[in-house]
Structures are given as C-alpha cells and as structure tokens.
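By the count of my numbering, the sequence shown reaches residue 323 at its end, each step adding exactly one. We treat Cβ as the ideally placed atom computed from N, Cα and C, and that holds for glycine. All values derive from a computational prediction rather than experimental measurement. Read the structure below first, then the notes.
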Amino acid sequence: MSASVSMTESPLPPLRGRVQRDAPLGAATWFRVGGPADWLVRPADVDDLLRLLRRAEAPITVMGAASNLIVRDGGVRGIVLRLARGFGDVEVEADGVVAGAAALDATVAEHAAAAGLSGLEFLSGIPGSIGGAVAMNAGAYGAEVADRLDWAEIATVDGLLRVRAAELRLTYRRSQLPPGGVVVRARFHAVPGDAQAIAARMADIRESREATQPVRARTGGSTFANPPGHKAWALIDAAGCRGKVLGGAQVSEKHCNFLLNTCAATAADLEDLGEAVRAAVLAHSGISLEWEIRRIGERSA
23 MSASVSMTES
33 PLPPLRGRVQ
43 RDAPLGAATW
53 FRVGGPADWL
63 VRPADVDDLL
73 RLLRRAEAPI
83 TVMGAASNLI
93 VRDGGVRGIV
103 LRLARGFGDV
113 EVEADGVVAG
123 AAALDATVAE
133 HAAAAGLSGL
143 EFLSGIPGSI
153 GGAVAMNAGA
163 YGAEVADRLD
173 WAEIATVDGL
183 LRVRAAELRL
193 TYRRSQLPPG
203 GVVVRARFHA
213 VPGDAQAIAA
223 RMADIRESRE
233 ATQPVRARTG
243 GSTFANPPGH
253 KAWALIDAAG
263 CRGKVLGGAQ
273 VSEKHCNFLL
283 NTCAATAADL
293 EDLGEAVRAA
303 VLAHSGISLE
313 WEIRRIGERS
323 A
C-alpha cells in the first residue's frame with residue numbers, strides 16, 4: 023500500500039459497505055475531539071473487509087468503539103476502518119459465547135448472563151467492543167480477555183484466519199495479531215452458573231464503576247497502563263497531578279488515571295496533559311508511565 027494518495031482519487035477498491043470522504047471522527051469518540059479521516063470505511067461484511075485489506079492503496083487505521091482513543095486534531099491520513107453492521111452478532115453456546123468484533127463488551131456480558139453462563143461478568147465493566155478487547159487483552163475487576171478467550175477470527179491480506187488464544191501471546195494489555203490483522207469475531211468460554219449470583223456480580227461492577235470512575239464525563243478508559251507492582255492512579259496522585267488542568271483538559275478528581283474533556287478541550291490539550299502527567303510521575307517516582315489510550319492521526323500544524 024502506498025504511503026500517500028491524492029485526495030482527488032480514491033485509494034479504495036469497489037466496496038458494498040459505507041464509504042465517507044473527509045469524514046468527521048471526533049463526535050464518534052468518547053472524548054469528543056479530533057479531526058477528520060481522509061476516508062472512513064464501514065465494510066458490509068467479511069468479504070468486503072478482505073477486499074479492502076487486499077486492494078487498498080493507502081494506510082489503514084482501525085477504529086473500534088473509540089472508548090479508549092484520542093484522534094489528533096489534524097485528523098487521520100489514509101483510510102480509517104470501522105466495523106459496524108455485519109460484525110456485531112452475539113451467539114450463545116452451551117459453554118461459551120461467540121461475538122462479532124463490533125459487539126460491545128457489556129452486551130456480550132449481558133448475553134452470557136441471560137443464558138446463565140458465568141465467567142464473562144468482567145466484560146460489563148469494560149467500555150469498548152470485542153475487537154478492541156481482544157487486540158489489547160482488555161481486563162478489569164480481576165479478569166482479562168486472556169482468561170476466557172478460545173480463539174479469534176482475524177482478517178488479513180492473506181484471508182480469514184482462526185487463531186487460537188495461545189497463538190496471540192496475550193500479555194498485560196497486549197496481543198500479537200498477525201501483521202495488518204483485523205479481529206472480526208471471537209469465542210469466549212464460560213461455565214453454567216447461578217443466574218442470581220451472575221446478576222449480582224454485574225450489578226456490583228456497575229456500582230463500582232459509577233462510584234470510582236467519571237463514567238458520565240467526556241473521557242476515555244484508563245489513560246496509562248499499570249506499571250509492574252504499581253497502580254498508575256496512585257503514582258499520578260503521589261506526583262500531585264489529581265485535578266491538574268491544561269487548556270480544556272483535566273485529570274479527573276474522582277479517578278486520576280482518567281483524563282477529562284471539561285468542555286472545549288482539543289486533542290492536543292488531552293495529549294499534552296497526559297505527557298505532563300508522565301513527566302511529573304517520572305520526576306517524582308522514577309517510573310515511566312506507558313499510554314494505554316491509543317492516539318492516532320496528526321497534530322494540527
């Protein structure tokens with residue numbers, strides 16, 4: 023794929039899905055910031071996606087539910103791929119759930135609970151979709167995707183692959199997808215459980231999120247990964263950054279591993295505040311925090 027394509031000609035093959043040029047992205051992100059994509063593509067189905075991967079003539083950036091994402095103010099060059107209709111089915115089996123990449127994590131947890139299957143309750147506490155959860159081995163409340171994933175179907179330029187969980191080498195907030203691979207479906211194993219106990223566990227998770235995280239604000243997920251042996255929020259708090267403000271961005275007072283768009287933040291405000299927090303933590307503790315939030319695109323000139 024070429025690195026640059028004139029905006030006067032399309033880098034896309036004929037597709038059956040939805041294609042938008044100069045497509046706004048900010049409103050689709052939880053932070054509500056960011057510039058446009060040169061091209062935004064929502065494939066109709068797996069065949070459409072495979073055609074795009076094989077024949078596109080510009081770089082492809084995958085965008086999921088955008089719950090843990092900053093789109094930079096200058097927008098994203100090339101093609102932004104977003105899976106939507108055709109990729110959101112959830113199928114409940116006797117000992118697990120098969121879910122499309124666009125299915126929300128919480129929706130998968132709810133399907134499992136309705137079927138009396140236990141083990142996937144933790145997904146109800148993770149904002150985002152299944153594709154992103156697999157790609158980053160998402161986790162919360164004492165469990166992570168690696169604990170429950172059986173396999174993932176991944177679209178590549180060479181076709182559709184079914185990859186066992188062990189082959190993805192899942193580690194803390196990381197997986198090793200095939201180069202250029204896009205998760206389209208995944209299976210999670212679960213076990214029969216008591217419906218009331220499952221419902222109670224999910225209610226506890228919801229209450230905990232409400233009590234400890236700024237879930238009703240313009241925010242993303244956890245900003246930084248927890249360093250080995252440490253909690254990112256505690257390091258940020260100890261460095262004096264709780265409530266820190268830069269432009270329209272703020273470190274949450276409620277949970278200081280969350281950044282907030284208080285009203286009129288730019289993507290640069292959020293990213294620069296995050297970097298200021300990293301610098302403060304490094305100076306205070308000697309620990310370098312790693313971004314957990316993805317940042318894509320270009321900064322404004």
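Status (buried if at least 16 other CB within 10 Å, exposed otherwise) for residue i
| i | result |
| --- | --- |
| residue 244 | buried |
| residue 234 | exposed |
| residue 312 | exposed |
| residue 229 | exposed |
| residue 218 | exposed |
| residue 89 | buried |
| residue 274 | buried |
Contacts around residue i, its chain only, beta-carbon distance under 8 Å, and the 5 residues preceding and following it disregarded
| i | result |
| --- | --- |
| residue 92 | 51, 53, 55, 56, 242, 289, 292, 293, 315, 316, 317, 318 |
| residue 127 | 145, 146, 148, 149, 150, 151, 152, 155, 160 |
Beta bridge counterpart(s) of residue i as assigned by DSSP
| i | result |
| --- | --- |
| residue 63 | 41, 103 |
| residue 241 | 282 |
| residue 108 | 106 |
| residue 206 | Answer by DSSP bridge pairing: none, since residue 206 is not bridged. |
| residue 35 | DSSP output for residue 35 lists no bridge partner at all. |
| residue 126 | 151 |
| residue 140 | 213 |
Beta-carbon proximity list for residue i, same chain, < 6 Å, skipping 5 on both sides
| i | result |
| --- | --- |
| residue 165 | 144 |
| residue 285 | 270 |
| residue 104 | 64, 85 |
| residue 44 | 58 |
Contacts around residue i, its chain only, beta-carbon distance under 7 Å, and the 5 residues preceding and following it disregarded
| i | result |
| --- | --- |
| residue 137 | 114 |
| residue 32 | none |
| residue 200 | 176, 178, 183 |
| residue 198 | 190, 191 |
| residue 142 | 119, 130, 131, 134, 170, 210, 212 |
Element boundaries [beta strand (DSSP E), containing residue i]
| i | result |
| --- | --- |
| residue 91 | 91-93 |
| residue 273 | 271-273 |
| residue 321 | First-last for residue 321: undefined, no H or E at that position. |
| residue 176 | 171-178 |
Beta-carbon separation (whole angstroms), residue i vs residue j, contact threshold 8 Å
| i | j | result |
| --- | --- | --- |
| residue 122 | residue 109 | 4 Å |
| residue 64 | residue 35 | With a Cβ gap of about 15 Å, residue 64 and residue 35 do not count as contacting. |
| residue 135 | residue 220 | 5 Å |
Where the alpha helix (DSSP H) containing residue i begins and where it ends
| i | result |
| --- | --- |
| residue 191 | Looking at the DSSP string, residue 191 is not in any alpha helix (DSSP H), and its letter there is neither H nor E. |
| residue 218 | 217-234 |
| residue 315 | Element bounds for residue 315: n/a, residue is neither H nor E. |
Residue-chain proximity (residue i, chain C), Cβ-Cβ < 7 Å
| i | result |
| --- | --- |
| residue 313 | Checking the listed chains, one finds no chain C in this structure; it contains a single protein chain. |
Residue i: CB within 6 Å of a non-hydrogen atom of the ligand ADP
| i | result |
| --- | --- |
| residue 268 | The ligand ADP is not among the ligands present in this structure, which contains no ligands whatsoever. |
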